[in-house]
Amino acid sequence: MQIQIKPGVTLTVIPVSQFKNTQVSVHFLENASKKETSYRSLLANILETSSQKYRNQILVSQELSQLYGAGFGTSLMRKQNVHDLMFSLALPNDHYLASSEHVLDQGLDFLQEMIFNPLTENGQFHGQTYQRQQRNLVAYINALKDDKQSYAALQLQQLYFGAEDIQSVPTFGDAKQIAEIPNQALFKYYQKVLAQDRVEIFVVGDVVATQVQEIIQKWPLSERTNNHTDITRLNLARKEIQQKTEEQMIVQSKLDLAYQFPTNFRDETYYAGIVFNALFGGSPLSKLFLNVREKASLAYYATSNVDVFNGLMVVQTGINAQDKDRVLTIIDQQLKDIQNNDFSDDHLAQIKTGLISNYIGSLDAERSYTSRALTNRLVGSQTTTNEWVKAIQNVSRLEIVTVANQVQLQAIYFLSSGAKKHA
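Structure (C-alpha coordinates):
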(Lines of atoms letter the chains of each structure in order from A and count residues from 1; the text may use other names and numbers.)
(Lines give C-alpha, C1' and ligand atoms only; values in the text may rest on other atoms or scores of the structure.)
Protein backbone atom coordinates (compact mmCIF):
# COMPACT_ATOMS: atom_id res chain seq x y z
CA MET A 1 0.00 0.00 0.00
CA GLN A 2 1.50 3.32 -1.10
CA ILE A 3 0.58 6.59 0.56
CA GLN A 4 1.84 9.98 -0.55
CA ILE A 5 2.60 11.87 2.64
CA LYS A 6 3.61 14.95 0.64
CA PRO A 7 4.94 15.47 -2.88
CA GLY A 8 8.33 13.75 -2.92
CA VAL A 9 7.62 11.84 0.31
CA THR A 10 6.03 8.39 -0.02
CA LEU A 11 5.12 5.80 2.61
CA THR A 12 4.87 2.17 1.50
CA VAL A 13 3.34 -0.28 3.98
CA ILE A 14 3.88 -3.97 3.21
CA PRO A 15 1.53 -6.00 5.42
CA VAL A 16 3.01 -9.44 6.06
CA SER A 17 2.05 -11.57 9.05
CA GLN A 18 4.77 -14.25 9.09
CA PHE A 19 7.33 -12.10 10.92
CA LYS A 20 7.51 -11.42 14.65
CA ASN A 21 9.39 -8.19 13.98
CA THR A 22 8.50 -4.99 12.20
CA GLN A 23 11.06 -3.47 9.84
CA VAL A 24 11.07 0.28 9.24
CA SER A 25 13.41 2.01 6.81
CA VAL A 26 13.66 5.64 5.75
CA HIS A 27 15.54 6.37 2.53
CA PHE A 28 16.85 9.79 1.52
CA LEU A 29 17.58 9.59 -2.20
CA GLU A 30 19.60 11.94 -4.37
CA ASN A 31 21.65 11.89 -7.58
CA ALA A 32 24.71 12.69 -5.48
CA SER A 33 27.97 14.06 -6.88
CA LYS A 34 31.40 12.67 -5.91
CA LYS A 35 31.73 15.36 -3.25
CA GLU A 36 28.22 14.77 -1.92
CA THR A 37 28.90 11.04 -1.62
CA SER A 38 31.57 11.80 0.98
CA TYR A 39 29.28 14.26 2.75
CA ARG A 40 26.50 11.67 2.96
CA SER A 41 28.85 9.04 4.32
CA LEU A 42 29.99 11.26 7.19
CA LEU A 43 26.42 12.39 7.80
CA ALA A 44 25.28 8.78 8.20
CA ASN A 45 27.96 8.14 10.81
CA ILE A 46 27.07 11.21 12.84
CA LEU A 47 23.30 10.76 12.81
CA GLU A 48 23.62 7.14 13.93
CA THR A 49 25.38 7.90 17.20
CA SER A 50 23.47 10.66 19.01
CA SER A 51 20.64 13.19 19.07
CA GLN A 52 19.44 16.02 21.28
CA LYS A 53 17.54 13.55 23.46
CA TYR A 54 20.09 10.70 23.30
CA ARG A 55 23.37 12.57 23.57
CA ASN A 56 25.74 9.63 23.21
CA GLN A 57 25.84 6.04 22.04
CA ILE A 58 25.19 4.70 25.54
CA LEU A 59 21.88 6.55 25.73
CA VAL A 60 20.97 5.41 22.22
CA SER A 61 21.66 1.79 23.22
CA GLN A 62 19.64 2.16 26.41
CA GLU A 63 16.63 3.42 24.47
CA LEU A 64 16.90 0.53 22.03
CA SER A 65 16.92 -1.84 25.01
CA GLN A 66 13.73 -0.20 26.25
CA LEU A 67 12.25 -1.01 22.85
CA TYR A 68 12.76 -4.72 23.60
CA GLY A 69 16.16 -4.94 21.97
CA ALA A 70 15.36 -3.05 18.79
CA GLY A 71 18.10 -2.71 16.19
CA PHE A 72 18.93 0.67 14.65
CA GLY A 73 21.49 1.79 12.13
CA THR A 74 22.32 3.90 9.13
CA SER A 75 23.71 2.61 5.86
CA LEU A 76 24.61 3.76 2.38
CA MET A 77 23.71 2.25 -0.97
CA ARG A 78 23.82 3.31 -4.58
CA LYS A 79 21.76 2.10 -7.51
CA GLN A 80 23.49 3.50 -10.58
CA ASN A 81 23.57 7.28 -9.94
CA VAL A 82 21.01 7.31 -7.11
CA HIS A 83 22.64 7.51 -3.67
CA ASP A 84 20.62 6.15 -0.76
CA LEU A 85 21.15 7.37 2.81
CA MET A 86 19.09 4.91 4.84
CA PHE A 87 17.92 4.77 8.45
CA SER A 88 16.61 1.37 9.54
CA LEU A 89 14.86 0.12 12.66
CA ALA A 90 13.86 -3.46 13.48
CA LEU A 91 11.67 -3.98 16.54
CA PRO A 92 9.28 -6.59 17.95
CA ASN A 93 5.76 -6.55 16.62
CA ASP A 94 3.21 -5.32 19.15
CA HIS A 95 1.15 -8.50 18.70
CA TYR A 96 3.89 -10.65 20.25
CA LEU A 97 4.44 -8.59 23.41
CA ALA A 98 2.84 -9.48 26.71
CA SER A 99 2.42 -5.82 27.64
CA SER A 100 0.01 -3.38 26.03
CA GLU A 101 2.78 -0.99 25.00
CA HIS A 102 2.69 0.47 21.51
CA VAL A 103 6.28 -0.31 20.57
CA LEU A 104 5.80 0.63 16.92
CA ASP A 105 4.66 4.12 17.91
CA GLN A 106 7.64 4.45 20.25
CA GLY A 107 9.99 3.16 17.58
CA LEU A 108 8.76 5.67 15.01
CA ASP A 109 9.19 8.45 17.58
CA PHE A 110 12.76 7.23 18.15
CA LEU A 111 13.45 7.33 14.41
CA GLN A 112 12.07 10.84 14.19
CA GLU A 113 14.37 11.94 16.99
CA MET A 114 17.48 10.40 15.42
CA ILE A 115 16.80 11.78 11.94
CA PHE A 116 15.50 15.26 12.66
CA ASN A 117 17.05 16.26 16.00
CA PRO A 118 20.82 15.76 15.80
CA LEU A 119 23.08 16.82 18.64
CA THR A 120 24.11 20.38 17.77
CA GLU A 121 25.80 23.46 19.21
CA ASN A 122 26.21 26.95 17.78
CA GLY A 123 24.45 26.15 14.53
CA GLN A 124 26.47 23.05 13.70
CA PHE A 125 26.97 19.48 14.88
CA HIS A 126 28.31 18.92 18.39
CA GLY A 127 32.06 19.48 18.05
CA GLN A 128 33.43 16.45 19.88
CA THR A 129 30.91 14.11 18.28
CA TYR A 130 31.70 15.49 14.83
CA GLN A 131 35.47 15.18 15.22
CA ARG A 132 35.26 11.67 16.66
CA GLN A 133 33.02 10.33 13.89
CA GLN A 134 35.08 12.05 11.23
CA ARG A 135 38.27 10.42 12.54
CA ASN A 136 36.57 7.03 12.88
CA LEU A 137 35.23 7.09 9.33
CA VAL A 138 38.56 8.13 7.82
CA ALA A 139 40.31 5.37 9.78
CA TYR A 140 37.74 2.81 8.65
CA ILE A 141 38.12 3.71 4.97
CA ASN A 142 41.91 3.70 5.17
CA ALA A 143 41.82 0.31 6.89
CA LEU A 144 39.99 -1.15 3.89
CA LYS A 145 43.31 -1.06 2.05
CA ASP A 146 44.33 -4.00 4.24
CA ASP A 147 41.40 -6.04 2.91
CA LYS A 148 42.98 -6.89 -0.41
CA GLN A 149 39.85 -8.40 -1.94
CA SER A 150 37.94 -5.16 -1.31
CA TYR A 151 40.94 -3.08 -2.36
CA ALA A 152 41.21 -4.92 -5.68
CA ALA A 153 37.48 -4.53 -6.31
CA LEU A 154 37.70 -0.77 -5.76
CA GLN A 155 40.73 -0.47 -8.04
CA LEU A 156 38.89 -2.35 -10.79
CA GLN A 157 35.89 -0.06 -10.29
CA GLN A 158 38.08 3.01 -10.85
CA LEU A 159 39.78 1.41 -13.85
CA TYR A 160 36.47 0.50 -15.48
CA PHE A 161 34.55 3.72 -14.92
CA GLY A 162 37.44 6.19 -15.03
CA ALA A 163 38.60 8.44 -12.22
CA GLU A 164 36.14 11.25 -12.98
CA ASP A 165 32.96 9.18 -13.07
CA ILE A 166 30.75 9.12 -9.97
CA GLN A 167 30.77 5.31 -10.11
CA SER A 168 34.53 5.30 -9.48
CA VAL A 169 33.86 6.59 -5.96
CA PRO A 170 32.78 3.93 -3.45
CA THR A 171 29.43 4.38 -1.74
CA PHE A 172 31.18 5.39 1.50
CA GLY A 173 33.09 8.23 -0.15
CA ASP A 174 36.72 9.33 -0.22
CA ALA A 175 38.82 9.42 2.97
CA LYS A 176 40.75 12.54 1.98
CA GLN A 177 37.59 14.47 1.15
CA ILE A 178 35.89 13.35 4.37
CA ALA A 179 38.86 14.51 6.46
CA GLU A 180 38.51 18.00 4.96
CA ILE A 181 34.74 18.50 5.39
CA PRO A 182 34.05 21.46 7.74
CA ASN A 183 31.47 20.91 10.46
CA GLN A 184 29.33 23.87 9.42
CA ALA A 185 29.38 22.81 5.75
CA LEU A 186 28.13 19.33 6.64
CA PHE A 187 25.35 20.74 8.80
CA LYS A 188 24.26 22.97 5.94
CA TYR A 189 24.26 19.95 3.64
CA TYR A 190 22.22 17.99 6.22
CA GLN A 191 19.56 20.70 6.08
CA LYS A 192 19.55 20.44 2.28
CA VAL A 193 19.06 16.66 2.50
CA LEU A 194 16.04 17.07 4.77
CA ALA A 195 14.52 19.74 2.54
CA GLN A 196 15.24 18.43 -0.96
CA ASP A 197 16.00 14.68 -1.07
CA ARG A 198 13.33 12.34 -2.32
CA VAL A 199 12.11 10.35 0.69
CA GLU A 200 10.86 6.76 0.55
CA ILE A 201 9.62 5.19 3.80
CA PHE A 202 8.91 1.46 4.09
CA VAL A 203 7.23 -0.44 6.91
CA VAL A 204 7.17 -4.24 6.66
CA GLY A 205 5.21 -6.36 9.13
CA ASP A 206 1.85 -7.08 10.67
CA VAL A 207 0.84 -3.42 11.01
CA VAL A 208 -2.10 -1.14 10.30
CA ALA A 209 -1.25 1.29 7.50
CA THR A 210 -3.40 4.13 8.83
CA GLN A 211 -1.69 3.92 12.23
CA VAL A 212 1.72 4.31 10.61
CA GLN A 213 0.50 7.06 8.29
CA GLU A 214 -0.87 9.08 11.20
CA ILE A 215 2.56 9.17 12.86
CA ILE A 216 4.66 9.75 9.72
CA GLN A 217 2.48 12.69 8.70
CA LYS A 218 3.67 14.51 11.84
CA TRP A 219 7.32 14.26 10.82
CA PRO A 220 8.87 17.61 9.78
CA LEU A 221 9.14 16.78 6.08
CA SER A 222 8.20 19.48 3.58
CA GLU A 223 7.13 18.78 0.02
CA ARG A 224 9.88 18.50 -2.55
CA THR A 225 8.93 18.66 -6.21
CA ASN A 226 12.17 19.15 -8.13
CA ASN A 227 14.13 16.11 -6.98
CA HIS A 228 15.22 13.86 -9.84
CA THR A 229 16.35 10.36 -8.97
CA ASP A 230 16.36 8.70 -12.33
CA ILE A 231 18.34 5.56 -13.10
CA THR A 232 20.03 6.00 -16.47
CA ARG A 233 21.69 3.11 -18.26
CA LEU A 234 25.46 3.53 -18.76
CA ASN A 235 27.21 2.50 -21.97
CA LEU A 236 30.97 2.33 -21.45
CA ALA A 237 32.05 -0.04 -24.21
CA ARG A 238 35.65 0.64 -25.24
CA LYS A 239 37.68 -0.76 -28.11
CA GLU A 240 40.74 -1.33 -25.93
CA ILE A 241 40.83 -3.30 -22.69
CA GLN A 242 42.00 -1.20 -19.74
CA GLN A 243 44.73 -2.95 -17.73
CA LYS A 244 46.53 -2.16 -14.50
CA THR A 245 48.98 -4.17 -12.37
CA GLU A 246 50.16 -3.42 -8.85
CA GLU A 247 52.63 -5.35 -6.73
CA GLN A 248 52.39 -5.57 -2.95
CA MET A 249 53.80 -7.77 -0.20
CA ILE A 250 50.81 -10.11 0.02
CA VAL A 251 50.36 -13.87 0.11
CA GLN A 252 47.48 -14.22 -2.35
CA SER A 253 47.28 -12.29 -5.61
CA LYS A 254 43.97 -10.82 -6.82
CA LEU A 255 42.93 -10.94 -10.46
CA ASP A 256 39.69 -9.07 -11.17
CA LEU A 257 37.99 -8.53 -14.52
CA ALA A 258 35.23 -6.13 -15.58
CA TYR A 259 32.89 -6.85 -18.47
CA GLN A 260 30.22 -4.72 -20.05
CA PHE A 261 26.98 -6.62 -19.46
CA PRO A 262 24.18 -6.32 -22.02
CA THR A 263 21.05 -6.61 -19.88
CA ASN A 264 19.15 -3.81 -18.22
CA PHE A 265 16.89 -4.13 -15.20
CA ARG A 266 13.75 -6.04 -16.21
CA ASP A 267 14.26 -5.58 -19.93
CA GLU A 268 13.65 -8.47 -22.33
CA THR A 269 17.08 -10.00 -21.59
CA TYR A 270 17.10 -9.43 -17.82
CA TYR A 271 16.18 -12.94 -16.70
CA ALA A 272 18.49 -14.56 -19.23
CA GLY A 273 21.24 -12.39 -17.75
CA ILE A 274 20.48 -13.70 -14.26
CA VAL A 275 20.69 -17.31 -15.43
CA PHE A 276 23.84 -16.64 -17.47
CA ASN A 277 25.64 -15.12 -14.49
CA ALA A 278 24.70 -18.04 -12.22
CA LEU A 279 25.93 -20.47 -14.87
CA PHE A 280 29.15 -18.54 -15.53
CA GLY A 281 30.36 -17.63 -12.03
CA GLY A 282 27.55 -16.49 -9.77
CA SER A 283 26.75 -19.74 -7.95
CA PRO A 284 28.44 -22.78 -6.37
CA LEU A 285 27.44 -24.74 -9.48
CA SER A 286 28.96 -22.22 -11.87
CA LYS A 287 31.57 -23.01 -14.50
CA LEU A 288 34.10 -20.69 -12.85
CA PHE A 289 33.72 -22.42 -9.49
CA LEU A 290 33.75 -25.95 -10.89
CA ASN A 291 36.51 -25.52 -13.47
CA VAL A 292 38.79 -22.72 -12.25
CA ARG A 293 38.65 -23.41 -8.53
CA GLU A 294 37.78 -27.09 -8.21
CA LYS A 295 38.95 -28.90 -11.36
CA ALA A 296 42.06 -26.88 -12.27
CA SER A 297 42.82 -25.80 -8.68
CA LEU A 298 43.99 -22.43 -9.99
CA ALA A 299 42.06 -20.16 -7.62
CA TYR A 300 41.29 -19.85 -3.94
CA TYR A 301 37.99 -18.33 -5.04
CA ALA A 302 36.47 -17.49 -8.43
CA THR A 303 33.11 -15.73 -8.66
CA SER A 304 31.14 -13.38 -10.87
CA ASN A 305 28.48 -10.85 -9.96
CA VAL A 306 26.36 -8.49 -12.02
CA ASP A 307 25.31 -4.88 -11.49
CA VAL A 308 22.46 -4.55 -13.97
CA PHE A 309 21.99 -0.85 -13.22
CA ASN A 310 25.49 -0.09 -14.47
CA GLY A 311 25.64 -2.81 -17.12
CA LEU A 312 28.64 -4.36 -15.38
CA MET A 313 29.77 -7.90 -14.62
CA VAL A 314 32.78 -8.40 -12.35
CA VAL A 315 34.85 -11.56 -11.99
CA GLN A 316 36.91 -11.79 -8.80
CA THR A 317 39.62 -14.39 -8.20
CA GLY A 318 42.29 -15.08 -5.62
CA ILE A 319 45.27 -16.82 -7.22
CA ASN A 320 49.00 -17.46 -7.11
CA ALA A 321 50.85 -14.79 -9.08
CA GLN A 322 52.51 -17.21 -11.48
CA ASP A 323 49.10 -18.59 -12.55
CA LYS A 324 47.75 -15.29 -13.92
CA ASP A 325 47.92 -16.15 -17.63
CA ARG A 326 46.49 -19.64 -17.12
CA VAL A 327 43.61 -18.24 -15.07
CA LEU A 328 42.83 -15.61 -17.72
CA THR A 329 42.79 -18.33 -20.36
CA ILE A 330 40.49 -20.66 -18.45
CA ILE A 331 38.10 -17.84 -17.49
CA ASP A 332 37.86 -16.87 -21.14
CA GLN A 333 37.24 -20.51 -22.04
CA GLN A 334 34.27 -20.74 -19.65
CA LEU A 335 32.72 -17.72 -21.35
CA LYS A 336 33.37 -19.17 -24.80
CA ASP A 337 31.79 -22.47 -23.77
CA ILE A 338 28.54 -20.68 -22.93
CA GLN A 339 28.78 -18.57 -26.09
CA ASN A 340 29.06 -21.83 -28.05
CA ASN A 341 26.10 -23.44 -26.24
CA ASP A 342 28.46 -25.89 -24.53
CA PHE A 343 26.59 -26.70 -21.32
CA SER A 344 24.23 -29.52 -20.47
CA ASP A 345 20.48 -29.38 -19.92
CA ASP A 346 20.97 -30.97 -16.50
CA HIS A 347 23.49 -28.29 -15.50
CA LEU A 348 21.12 -25.55 -16.65
CA ALA A 349 18.21 -27.11 -14.75
CA GLN A 350 20.31 -27.22 -11.57
CA ILE A 351 21.27 -23.57 -12.02
CA LYS A 352 17.63 -22.51 -12.39
CA THR A 353 16.56 -24.59 -9.38
CA GLY A 354 19.25 -22.96 -7.26
CA LEU A 355 18.24 -19.45 -8.34
CA ILE A 356 14.58 -20.07 -7.56
CA SER A 357 15.37 -21.68 -4.21
CA ASN A 358 17.55 -18.74 -3.18
CA TYR A 359 14.94 -16.22 -4.29
CA ILE A 360 12.13 -17.90 -2.36
CA GLY A 361 14.43 -18.28 0.64
CA SER A 362 15.08 -14.54 0.62
CA LEU A 363 11.38 -13.97 1.27
CA ASP A 364 12.03 -15.11 4.84
CA ALA A 365 13.91 -11.85 5.46
CA GLU A 366 12.01 -8.61 5.99
CA ARG A 367 14.85 -6.60 4.48
CA SER A 368 14.34 -8.34 1.15
CA TYR A 369 10.82 -6.91 0.96
CA THR A 370 12.17 -3.41 1.52
CA SER A 371 14.97 -3.83 -1.00
CA ARG A 372 12.64 -5.05 -3.73
CA ALA A 373 10.03 -2.40 -2.97
CA LEU A 374 12.61 0.39 -3.18
CA THR A 375 13.92 -0.93 -6.48
CA ASN A 376 10.37 -1.09 -7.81
CA ARG A 377 9.84 2.53 -6.84
CA LEU A 378 13.05 3.66 -8.53
CA VAL A 379 12.52 1.84 -11.81
CA GLY A 380 8.76 2.29 -11.94
CA SER A 381 7.85 -1.37 -12.37
CA GLN A 382 7.30 -4.44 -10.25
CA THR A 383 7.01 -8.19 -10.52
CA THR A 384 5.42 -10.82 -8.31
CA THR A 385 7.21 -13.87 -6.94
CA ASN A 386 5.29 -16.15 -9.31
CA GLU A 387 6.18 -13.94 -12.28
CA TRP A 388 9.87 -13.97 -11.32
CA VAL A 389 9.96 -17.75 -10.89
CA LYS A 390 8.14 -18.34 -14.18
CA ALA A 391 10.47 -15.95 -16.02
CA ILE A 392 13.54 -17.83 -14.76
CA GLN A 393 12.02 -21.19 -15.68
CA ASN A 394 11.24 -19.94 -19.19
CA VAL A 395 14.76 -18.72 -20.01
CA SER A 396 15.94 -20.66 -23.06
CA ARG A 397 19.40 -21.86 -24.03
CA LEU A 398 19.34 -19.50 -27.03
CA GLU A 399 18.64 -16.50 -24.78
CA ILE A 400 21.58 -17.41 -22.53
CA VAL A 401 23.89 -17.85 -25.52
CA THR A 402 22.75 -14.50 -26.92
CA VAL A 403 23.57 -12.72 -23.66
CA ALA A 404 26.94 -14.48 -23.43
CA ASN A 405 27.92 -13.31 -26.91
CA GLN A 406 27.24 -9.69 -25.96
CA VAL A 407 29.43 -9.76 -22.84
CA GLN A 408 32.58 -7.70 -23.52
CA LEU A 409 35.78 -7.70 -21.46
CA GLN A 410 36.64 -4.08 -20.62
CA ALA A 411 39.17 -4.01 -17.78
CA ILE A 412 41.70 -6.25 -16.00
CA TYR A 413 43.18 -5.40 -12.62
CA PHE A 414 45.95 -7.55 -11.16
CA LEU A 415 47.21 -7.14 -7.60
CA SER A 416 50.33 -9.28 -7.60
CA SER A 417 52.22 -10.74 -4.70
CA GLY A 418 55.28 -10.71 -6.91
CA ALA A 419 56.02 -14.27 -5.84
CA LYS A 420 57.25 -16.63 -8.53
CA LYS A 421 57.49 -20.39 -8.16
CA HIS A 422 59.98 -22.29 -10.27
CA ALA A 423 59.90 -25.97 -11.11
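Residue numbers (my numbering): 1 to 423.
Positions of the beta carbon are idealized from the N, C-alpha and C atoms, including for glycine.
Segment contact flag, the segment 139–155 with the segment 47–61, C-beta cutoff 8 Å, min 3 pairs: no
Beta-carbon contacts of G107 that lie in its chain and below 7 Å, excluding the five residues immediately before and after: In the sequence shown, counting from the first residue as 1, residue 107 sits at position 107. Cβ within range, chain order: V24, L67, A70, L89 and L91.
The alpha helix (DSSP H) enclosing H347, as first and last residue numbers: Numbered from its first residue, the sequence shown carries residue 347 at position 347. Secondary structure note for H347: its alpha helix (DSSP H) is the uninterrupted segment D345 to S362.
Buried versus exposed, by CB contacts within 10 Å (16 or more), S99: In the sequence shown, residue 99 corresponds to position 99, counting from 1. Classification for S99: exposed.
At least three beta-carbon pairs within less than 8 Å, the segment 336–353 to the segment 400–412: yes
Presumed contact (8 Å Cβ cut-off) between T82 and N31, rounded CB distance: In the sequence shown, the residue the question calls residue 82 occupies position 82. In the sequence shown, the residue the question calls residue 31 occupies position 31. Note on residue identity: the sequence assigns Val, not Thr, to residue 82. Contact flag correct, Cβ pair sits at about 6 Å.
First through last residue of the beta strand (DSSP E) which encompasses M313: For this step, residue 313 is matched to residue 313 along the sequence shown. Its beta strand (DSSP E) spans residues L312 to I319.
Proximity below 9 Å, CB of G418 to CB of Q248: Walking along the sequence shown from the start, residue 418 turns up at place 418. Walking along the sequence shown from the start, residue 248 turns up at place 248. The answer is yes: Cβ separation under 9 Å.
Beta bridge counterpart(s) of R78 as assigned by DSSP: Stepping through the sequence shown from its first residue, residue 78 is reached at position 78. R78 is bridged to H83.
Residues near R377 in its chain [Cβ-Cβ closer than 8 Å; skip 5 each side]: Residue numbering aside, residue 377 sits at position 377 when the sequence shown is read from its first letter. T10, T12 and E200.
Same chain, Cβ closer than 8 Å to L42, neighbours up to 5 away in sequence not counted: The residue labelled residue 42 in the question sits at position 42 within the sequence shown. Around L42: Q133, Q134, L137, G173, I178, I181 and L186.
Nearest residue (CA-CA) to L348, options Q322, G311 and L279: Position 348 of the sequence shown, counting from 1, holds the residue named residue 348. For the residues Q322, G311 and L279, the minimum Cα distance to L348 belongs to L279.
Nearest-angstrom Cβ-Cβ length linking P220 and F289, presumed shorter than 8 Å: In the sequence shown, residue 220 corresponds to position 220, counting from 1. In the sequence shown, residue 289 corresponds to position 289, counting from 1. In this structure, P220 and F289 do not form a Cβ contact; the two beta carbons are roughly 51 Å apart against a cut-off of 8 Å.
Alpha helix (DSSP H) runs wholly inside the segment 128–201, at least 4 long, in chain order: 148–161, 175–179 and 183–196
Residue from E113, T171 and F265 whose Cα sits closest to the Cα of S75: To locate residue 75, count along the sequence shown from 1; it is residue 75. Taking only the C-alpha atoms, the option nearest S75 is T171.
Spatial distance of A209 from P262 (CA atoms): Start at 1 with the first residue of the sequence shown, and residue 209 comes out as number 209. Start at 1 with the first residue of the sequence shown, and residue 262 comes out as number 262. Between A209 and P262, the C-alpha separation is close to 40 Å.
Cβ-Cβ distance between F125 and Y190 below 9 Å: What you label residue 125 is simply residue 125 of the sequence shown in a count that begins at 1. What you label residue 190 is simply residue 190 of the sequence shown in a count that begins at 1. Against a cut-off of 9 Å, the Cβ pair of Y190 and F125 comes out as a contact.
Boundaries of the alpha helix (DSSP H) in which F110 is found, first to last residue: Position 110 of the sequence shown, counted from the first residue, corresponds to residue 110. Start and end: V103 to F116.
Proximal residues to L119 (C-beta, below 8 Å), its chain only, five neighbours per side dropped: On the sequence shown, residue 119 is found 119 positions in, with the first residue counted as 1. These residues qualify, in order along the chain: S50, S51, Q52, R55, F125, H126 and T129.
Residues near A296 in its chain [Cβ-Cβ closer than 7 Å; skip 5 each side]: For this step, residue 296 is matched to residue 296 along the sequence shown. I330, listed in sequence order.
D346 burial status per 10 Å Cβ neighbour count (16 or more: buried): As a first step, residue 346 must be located in the sequence shown, where it is residue number 346. D346 comes out exposed.
Simplified DSSP state of N21, which is helix, strand or coil: Along the sequence shown, read from residue 1 onward, the residue named residue 21 stands at position 21. Strand, per DSSP.
Beta-carbon gap between E366 and V207 smaller than 9 Å: In the sequence shown, counting from the first residue as 1, residue 366 sits at position 366. In the sequence shown, counting from the first residue as 1, residue 207 sits at position 207. No, Cβ-Cβ distance for E366 and V207 is not below 9 Å.
Beta-bridge partners of A258, as assigned by DSSP: Taking the first residue of the sequence shown as 1, we reach residue 258 at position 258. V314 and A411, per the DSSP bridge assignment.
Three-state secondary structure assigned by DSSP to F289: On the sequence shown, residue 289 is found 289 positions in, with the first residue counted as 1. Three-state result, F289: helix.
Under the three-state DSSP convention, the category G73 falls into: The count along the sequence shown starts at 1 and reaches residue 73 at position 73. Reduced to three states, the DSSP call for G73 is strand.
Three-way DSSP call (helix, strand, coil) for F28 in this model: As a working note, residue 28 is residue 28 in the sequence shown. It is a strand residue.
Secondary structure of F276, DSSP reduced to three states: What you label residue 276 is simply residue 276 of the sequence shown in a count that begins at 1. Residue state, collapsed to three classes: helix.
For G162 and S283, the rounded distance between their alpha carbons: Mapped onto the sequence shown, residue 283 falls at position 283. Mapped onto the sequence shown, residue 162 falls at position 162. Cα to Cα, S283 sits roughly 29 Å from G162.
Contacts around F19, its chain only, beta-carbon distance under 8 Å, and the 5 residues preceding and following it disregarded: Numbered from its first residue, the sequence shown carries residue 19 at position 19. N93, V204, G205, D206 and E366, listed in sequence order.
Burial state of Y271, where buried means 16 or more other Cβ atoms lie within 10 Å: Along the sequence shown, read from residue 1 onward, the residue named residue 271 stands at position 271. With 16 or more other Cβ atoms within 10 Å, it is buried.
Distance between T370 and R78 (C-alpha atoms, nearest Å): Here residue 78 corresponds to residue number 78 of the sequence shown, with the count starting at 1. Here residue 370 corresponds to residue number 370 of the sequence shown, with the count starting at 1. When rounded, the distance between both Cα atoms is 15 Å.
Residues bridged to G205 (per DSSP): If you number the sequence shown from 1, residue 205 lands on position 205. P15, per the DSSP bridge assignment.
Beta-carbon contacts of F309 that lie in its chain and below 7 Å, excluding the five residues immediately before and after: To locate residue 309, count along the sequence shown from 1; it is residue 309. The beta carbon of F309 sits closer than 7 Å to the beta carbons of K79, Q80, I231 and F265 from its chain, once the five residues preceding and following it are set aside; these are given in chain order.
Neighbourhood of T375 by C-beta, 8 Å cutoff - its chain only, sequence neighbours within 5 removed: Translated into positions along the sequence shown, residue 375 becomes position 375. Counting only Cβ-Cβ distances below 8 Å, and skipping sequence neighbours, we find K79 and F265.
CB contact below 9 Å: S396 versus chain B: Of the protein chains in the structure, only one exists, and it is not chain B.
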